[in-house]
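Position in the sequence shown (from 1) plus 67 gives the number in the working numbering.
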Amino acid sequence: MLRILVALIALLGLVPNTPGQDTLHERWYVLEMMGQRSGWTHTRVTREDDQRLRTDTAMHMKLNRAGVDIAIRIDSSFIETAEGEPVSARSSMAMGGPVATTTTYIFQPDGIVQETDNAGQVTKTTLPPIEGVWLTPWETRTFLTERLKAEPEAITLRTVDPTMGIQPVTITYTDFELTTLELLGRTVKAWKCTSSNSAAPGVTSTEYLDDRGEALRTEMGMGGLTIVMIASDRELAMSEVQAPEMMASLFIRPNKAIPGARTLKRATYLLHVPEGELAAPPETGSQKVERVDERRVRVIVNAGSFTAAGEVDAGAYLERSTMLDTADEKIRELCGRALEGAGGDKPARAEALRRFVHGYIEDKNLGVGFASASEVARSCQGDCSEHGTLLAALLRADGIPSRVVSGVVYVDEFAGSKGIFGYHMWTQALLTIDGAQRWVDLDATLPGALDYDATHIALGLSALKDGEVVNGLVSLAPLMGRLAIDVETLD
């Protein structure tokens, strides 16, 4: 669940803060979650000696999960020429752990050189140039300033945010209305509008912009979850905060309890939302989906049977990425250790890896947000997402295609709540069984032979490719605080 919130925060455009020769723009913001202050952001644009423009922003926040505070930091910078030509970009993310993953992009005529430092593991690759027209940060600011002068009905632009990878996103502003806003004890004029981002279909924000297109207030609401960013002064923005609780408040309480959840093999659920359209969850090897109407979807989970996957580009699920660095010597060492005496049967090897991960992550805690497999391989700590990423990396290191699943799982009791569905992550391996490729669910948080059960409901899938992690996670955001689950049948 925390990884989804972090993905949402990235969408607000929170991009380190470094001193510059000539400050062109600077603004502080208070960040609120669920009506409670949780951190701050700071944006600064500077002109460097060589006339290059640099846009820097820092975001620091705290969240609480079941009594455990987690500090999150998302930083990025973008350097461009005075003519709007991109020079370089950088992003750094620390999701509660001591290690930050840093990615640098150098723009060259024939491509983009990407270098990522993840837990001391440095990878370097060259990406193709960005296709089509897009705007750098300063160009975006200039573009919005000019369009707002014309009192527009809608504005659409395409830009790059390093915290979300180097692929451009399209931002659309609609429903413009000139209004006033109470800010820092005074009334200011503002353009109120609705914004959407192509990286998060179905998620919209209410924006209050000044006449230069700079945000004065941003409100992103999804059911019971609200994120607000408000322009402020430095003192208020950086004052002490009490981390808002972001776990128990988003638990889903079904219509009835599920006895023997960990050994349940088959179940049928009705998923529904109070209003709007419920996007259909994915079909997987163990999960089938039936559309009932716009707001309701029936999900059938069969934990003892996995249907054929059909045509799958297996290579896409074997690729090395920042989250799943299969070339990391530590990952390869753990893979070899886990498979000693496992034999050549791939399903048996996958199960051996699952059991190894469960035992290897000794410190099972909620203090890590979303660590890469390389980080987990060295820290031996984390929750469901760390179990999921490490297992996915070990599977790929053994030549078994893998992906992670974001969804919910039923637990009898957790964090003081009983009989609830909580947001969860687990792993799927593409295995050949009875002559067909099948996606097989493997939950490394479960001990012993309890590899998977029918209370797991998949809501999203991700190969954890570079540049696609945020997009893959944020698709779940419209469900948070809105999703309801009725238990129909249990077998």
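Backbone N, C-alpha and C fix where the C-beta goes; we use that ideal spot for every residue, glycine too.
Item, Value
"Candidates M313, E386, P468 and G327: closest to M547 by CA position", "M313"
"Three-state secondary structure assigned by DSSP to F45", "An answer regarding residue 45 cannot be provided, because it is not within the stretch 68 to 558 covered by the chain."
"Candidates G187, R214 and Y336: closest to D558 by CA position", "Y336"
"Backbone secondary structure at F210 - three-state DSSP", "helix"
"Three-way DSSP call (helix, strand, coil) for I398 in this model", "helix"
"For Q354 and D412, the rounded distance between their alpha carbons", "25 Å"
"Distance CB(L276)-CB(W205) smaller than 7 Å", "no"
"R279 burial status per 10 Å Cβ neighbour count (16 or more: buried)", "exposed"
"Pair within 7 Å by beta-carbon distance, G449 and A525", "no"
"Residues near T556 by beta carbon distance below 7 Å, same chain, minus five either side", "A334 and T335"
"Sequence-distant residues of the same chain with beta carbon closer than 7 Å to I552, five excluded per side", "I319, P321, Y336, L338 and F488"
"Burial state of S272 (16 or more Cβ within 10 Å)", "buried"
"Inside the segment 304-385 only - beta strand (DSSP E) runs reaching at least 3 residues", "333-339, 354-360 and 363-369"
"C-beta contact flag for A310 and L194 at 7 Å", "no"
"The segment 459-479 in contact with the segment 200-217 per 3-pair CB rule at 8 Å", "no"
"I146 and M126 closer than 7 Å at C-beta", "no"
"Contacting residues, own chain, Cβ-Cβ under 7 Å from I398 (five flanking each side not counted)", "D392, A440, S441, A444, A460, L461 and A464"
"Through-space distance from L283 to S388, alpha-carbon basis", "36 Å"
"Between the CA atoms of P414 and A503 - distance to the nearest angstrom", "13 Å"
"Residue of V507, T330 and G410 minimising C-alpha distance to Q495", "V507"
"Touching by the beta-carbon criterion (3+ pairs, under 8 Å), the segment 225-237 and the segment 245-252", "no"
"Under the three-state DSSP convention, the category D412 falls into", "coil"
"Within 7 Å, strictly: CB atoms of H43 and V476", "Beyond the ends of the chain as shown, which are 68 and 558, falls residue 43; an answer cannot be given."
"Outcome for H109 when other beta-carbon atoms lying within 10 angstroms are tallied against a minimum of 16", "buried"
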